[in-house]
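2 protein chains.
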Amino acid sequence: MFKKNKNNIRIGELETPHGIIKTPFFMPIATKGAVKTISTRDLESLGAQILLSNTYHLMLRPGEELIKQAGGLHKFMNWNKPILTDSGGYQVFSLCKMRELDSEGVAFQSPIDGAKHLLTPERAIQIQLDLGSDIVMVLDECTPYPCEKDYAEKSLELTTDWAKRCKKYFDENNDKGTNPRAKLFGIVQGSVYPDLRKKSLEQLLEIGFDGYAVGGFSVGEPREKTYEILKDLMPLMPDDKPRYFMGAGQPEEIVQYVKLGFDMFDCVLPTRNARHGTLYVWAGDDLDKDFYKKIIITNEQYREDFEPIDSNCTCEACQNYSKAYLRHLFMAEEPLAHRLATLHNLRFYLDLMAKLRK
Amino acid sequence: MFKKNKNNIRIGELETPHGIIKTPFFMPIATKGAVKTISTRDLESLGAQILLSNTYHLMLRPGEELIKQAGGLHKFMNWNKPILTDSGGYQVFSLCKMRELDSEGVAFQSPIDGAKHLLTPERAIQIQLDLGSDIVMVLDECTPYPCEKDYAEKSLELTTDWAKRCKKYFDENNDKGTNPRAKLFGIVQGSVYPDLRKKSLEQLLEIGFDGYAVGGFSVGEPREKTYEILKDLMPLMPDDKPRYFMGAGQPEEIVQYVKLGFDMFDCVLPTRNARHGTLYVWAGDDLDKDFYKKIIITNEQYREDFEPIDSNCTCEACQNYSKAYLRHLFMAEEPLAHRLATLHNLRFYLDLMAKLRK
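Chains L and P are the protein sequences, given in the same order.
So the first sequence is numbered by our numbering: it starts at 1144 and just counts up by one.
So the second sequence is numbered by our numbering: it starts at 1144 and just counts up by one.
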C-alpha cells in the first residue's frame, strides 16, 4: 500500500468510499461545508483530492440532521471526492469558553444561539456518520501547550478511553451510516512527553484503527521538540496504515513530516494567509532549503509591479493578473482579492504535494 | 445601426475600440476595477459584453496614473472587451460630504486619505482617457429628488456648460489617450421637469455626442413620473445614436425602458442584492407581466429546500447547489455565498437582455 520512492519518500494510495487518494496529500479546509471564497467546482479544477470539514461547526449550523436529510455532506456541498471530518473536540476546547469536561464527554454552549450540547465519543461518531464522512476521527482531548505532565497523563487516559468508545460505536453503526465503509482514525496525544506519546500510540494500536493521526502539536510548542518526539515515534507506526499529522503547517514543515513518513496534512495557513494578503511563491526546486518565499502583497513595493505573483504558476490569479492589480484589490477591500489569493495559495500547496509524490 | 425587431424592440450594434456590443445590453458594475466577488474570467464565461467602472473610485485609489502606467484599465484588470466609465460626478455628489461646487468644477476631500481634489470637466475627461475607457461620460451635476425648479434650471446651465467643456477637451485629447477612438456620451439632466429635460437634450444635440444618456433618474422620484417624461423625450432622441438609461433598474424597469427605445443599462441591483441574499428567479416568458420573482434565500422556508434556485438556470450556483446549501452559506457568513448569488443574479440580468434582443 505504501512504498518509498527514489527520494526516500513514502508514497502510496488511500482507498475511501469516494475514491482513491494519492499520498502524501494536503486537505484544503472546508470548515462549514465550504472552502472560504472557493466552490467545489474550483476545488476540482485545482485538483484537490480530499477536503476536511469540521464536525463542531456543522453540528451547530446547519446541524447534521439537515445534512443527513440532504443525503450527506457530499451531496449537500456537491463534492464527489473524499471528505475527512474532525471530531469537533479541538474546536470545543479552543473556541468555546463555556464548557465542562468529564469522563462522559464535554458539555458546551453554542456561541451561535446559546443552546447546550453534549459532545460524547458516541455523539462525535454519530454526527460524522450522519454527515457521511469518508474518514472519521475519534473524539480526543487536545492538550494545550504548555501542559503539566500530570495533566497530560490524565488527559491521555480519557483520550484512550474515548478512542475505545468511538471504535465500539463506529463498528456498531458504520454500515448504517450515510456512507458505509467509512474509515476510522485514532489520534495520538500525550503533549510533549515522549513516553506518553509512545503509550498513546501503543494503546491505539491495541484498539486497532484504519489510520493513525498525531494531534496536539502545532499548538505553540517549539518545532524542534515536535520533530524529536515524532522521529522517535514513527518507527512504531504500522507501515501499512496511513499517518496523519493534524494541523500542520508551513510548507517546510510539511516537507519535513513527509520525510518522517507522514502521509496526510491539513492546515488553515494557505487559505487564511491568502485572506490576509500573504502569498506563497516558489523560489527553488530543492525542497530541503529555501524553496519558497512568502510575500505580503499589500506592501508598497508591489504598487507598480505589473508582473504576476509567480510567472510559472497556473492559478487564475497568476495567469490573469499582476501583483499591482492584486495589491489594489486588497487595498480597496475588494472581495475578489481573497478569492484570487486563496486560489493561488492552494495551487502552491497542492503543487508542493505533487512534487513530493513525484 | 439600430432597427426594430418583430416585438417592436430596438436592436442594433454599438462599435467601440474593444469590439462590437449587441444592443440592448446591461453593464455589470466593476466599481473599483472589479465586479465584487467575480473575476474577468468569470465575466467572460457569463457572456458580459461590457463593464462599467467608476472614475471617482479609481482616481482616488489606485489613481489613474498607476492604471495608465499599467497600459490602461483593460490591461490592469485583464478585460479585453469594452469598458464604460462614468465621470465621477454622481459619486462626488452622493458619497462626499465635504465638497464645494462652482462653475469651474467640484472640489472635494478624499474619504480615504483626506487629500483635496478638484474635479473639473477637463479633469474628468483626462482621467477617463488615461484609464482608456471605451465610452467616456461627460461630467454633470446629478440633481437630487425632490429638486426645486429654480435649482434644476441653474444646475442645467452648469451641466450644459460642462458638457461643452468636456466635448472640447475630449476632441483635443482623445487621440492622445490610452485608447484612441473612444466615444463620448452626453448626459441629459433637468430633474422631473419635462421642459428642462427637453432643453437639456436639445443643447446636447447641438454640441454633438456619440451617444446620449439620461441621468438624474432612479434617485427616489416616482417611477411613473420618470416614464412619462421619458416617453415624451424619446422621439427627440436621434435614431442613429445609442441611448443610455443610467442607474436602472429592476428587471421590469429595464423591459419598460427598452420598449421606450433605450439601448444601454447599468445597475448595482443584481450584484448588491446578491450580497444581501435576494435572488432573481424566472417565473414566466411574457416580459410584460410577472416574469420573475425575488426570493430571499435566508428565509426559513428554504432551510430544507434541496432544489436549485432555478432549475433552468445555467449559472454555477444553480448547476451545482441547492437552495438549502446556499441558505446555509449565507447563514454561516461564508464568502462563497456572495459569489454564487452574484453569479446567479448576473446570469439572470444577462439572460433578460438576451431575451429582449431575440
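Just so it is clear, CB atoms sit at the ideal spot from N, CA and C, and this is done for glycine as well.
C-beta neighbour in chain C for residue i, strict 7 Å
i, result
"L1479 (chain L)", "Checking the listed chains, one finds no chain C in this structure; the protein chains it contains are L and P."
Beta-bridge partners of residue i, as assigned by DSSP
i, result
"M1380 (chain L)", "Partner(s): none; M1380 (chain L) has no beta bridge."
"F1352 (chain P)", "DSSP lists no partner for F1352 (chain P)."
"M1407 (chain L)", "L:F1168, L:Y1387"
"H1260 (chain L)", "L:F1251"
"V1357 (chain L)", "L:V1331, L:F1388"
"Y1423 (chain L)", "L:K1437"
"L1244 (chain L)", "L:V1249"
"R1153 (chain P)", "P:K1147"
Residue i burial status per 10 Å Cβ neighbour count (16 or more: buried)
i, result
"P1254 (chain P)", "exposed"
"M1220 (chain P)", "buried"
"Q1399 (chain P)", "buried"
"D1304 (chain L)", "exposed"
"K1146 (chain L)", "exposed"
"M1241 (chain L)", "exposed"
"A1177 (chain L)", "buried"
"S1246 (chain P)", "exposed"
"A1426 (chain P)", "exposed"
"K1175 (chain L)", "buried"
"N1223 (chain L)", "exposed"
"D1318 (chain P)", "exposed"
"N1455 (chain P)", "exposed"
"A1325 (chain P)", "buried"
"S1237 (chain L)", "exposed"
"N1197 (chain P)", "buried"
"T1183 (chain L)", "buried"
Secondary structure of residue i, DSSP reduced to three states
i, result
"V1398 (chain P)", "helix"
"L1195 (chain L)", "strand"
"E1503 (chain L)", "Coverage of chain L is limited to positions 1144 through 1501, which leaves residue 1503 (chain L) absent and any answer about it impossible."
"G1329 (chain L)", "strand"
"L1189 (chain L)", "helix"
"Y1435 (chain P)", "strand"
"M1280 (chain L)", "strand"
"E1208 (chain P)", "helix"
"I1226 (chain P)", "strand"
"F1473 (chain P)", "helix"
"I1181 (chain L)", "strand"
"I1268 (chain L)", "helix"
"I1517 (chain L)", "With chain L represented from 1144 up to 1501, any question about residue 1517 (chain L) goes unanswered, as that position is not in the structure."
"F1449 (chain P)", "coil"
"K1146 (chain P)", "strand"
"R1490 (chain L)", "helix"
Residue i: contacting residues in chain L (beta-carbon distance under 7 Å)
i, result
"D1388 (chain P)", "It should be noted that the sequence gives Phe, not Asp, for residue 1388 (chain P). Here the premise fails: no neighbours, minimum Cβ distance about 27 Å."
"S1253 (chain P)", "Those within 7 Å of S1253 (chain P) in chain L number zero; the least Cβ separation is about 13 Å."
"E1459 (chain P)", "S1182, R1184"
"K1175 (chain P)", "A1475, E1477"
"F1219 (chain P)", "Y1468"
"Y1464 (chain P)", "N1221"
Closer than 8 Å at the beta carbon, the chain P residues around residue i
i, result
"M1202 (chain L)", "Simply none; closest approach about 13 Å."
"M1124 (chain L)", "Chain L is shown from 1144 up to 1501; residue 1124 (chain L) falls before or after that span and cannot be answered."
Proximity test, residue i beta-carbon vs the ligand MG heavy atom, cut-off 6 Å
i, result
"S1465 (chain L)", "In the structure on display, the ligand MG does not appear, and there are no ligands present to speak of."
Within chain L, the residues that residue i reaches when beta carbons sit closer than 9 Å
i, result
"F1156 (chain P)", "Per the sequence presented here, residue 1156 (chain P) reads as Glu, with Phe not at that position. Within 9 Å Cβ-Cβ: nothing; E1156 (chain P) doesn't reach chain L, min ~28 Å."
"I1440 (chain P)", "Under the 9 Å cutoff, chain L gives no residues; its nearest Cβ is about 13 Å from I1440 (chain P)."
"L1209 (chain P)", "R1446, E1447, A1467, H1471"
Under 8 Å by beta carbon: chain L residues contacting residue i
i, result
"M1170 (chain P)", "Neighbours of M1170 (chain P) on chain L: none; closest Cβ ~18 Å, over 8 Å."
"R1482 (chain P)", "T1180, S1182, P1478, R1482"
Within chain P, partners of residue i - CB distance below 7 Å
i, result
"Q1212 (chain L)", "E1447"
May I ask you to verify whether the stretch 1226-1237 of chain L touches the stretch 1264-1271 of chain L, counting CB pairs closer than 8 Å and requiring at least 3?
-> yes
How about the stretch 1478-1487 of chain L and the stretch 1400-1412 of chain L: do they share at least three Cβ pairs that are nearer than 8 Å?
-> no
Do three or more CB pairs link the stretch 1167-1181 of chain P to the stretch 1457-1475 of chain P at distances below 8 Å?
-> no
Three or more beta-carbon pairs under 8 Å between the stretch 1299-1319 of chain P and the stretch 1275-1290 of chain P, yes or no?
-> yes
Answer yes if the stretch 1381-1388 of chain L comes into contact with the stretch 1346-1366 of chain L, meaning at least three C-beta pairs across the two stretches below 8 Å, and no otherwise.
-> yes
Any contact of the stretch 1451-1468 of chain P with the stretch 1210-1220 of chain L, i.e. 3+ C-beta pairs under 8 Å?
-> yes
Does the stretch 1192-1208 of chain P touch the stretch 1492-1500 of chain L, meaning 3 or more C-beta pairs lie closer than 8 Å?
-> no
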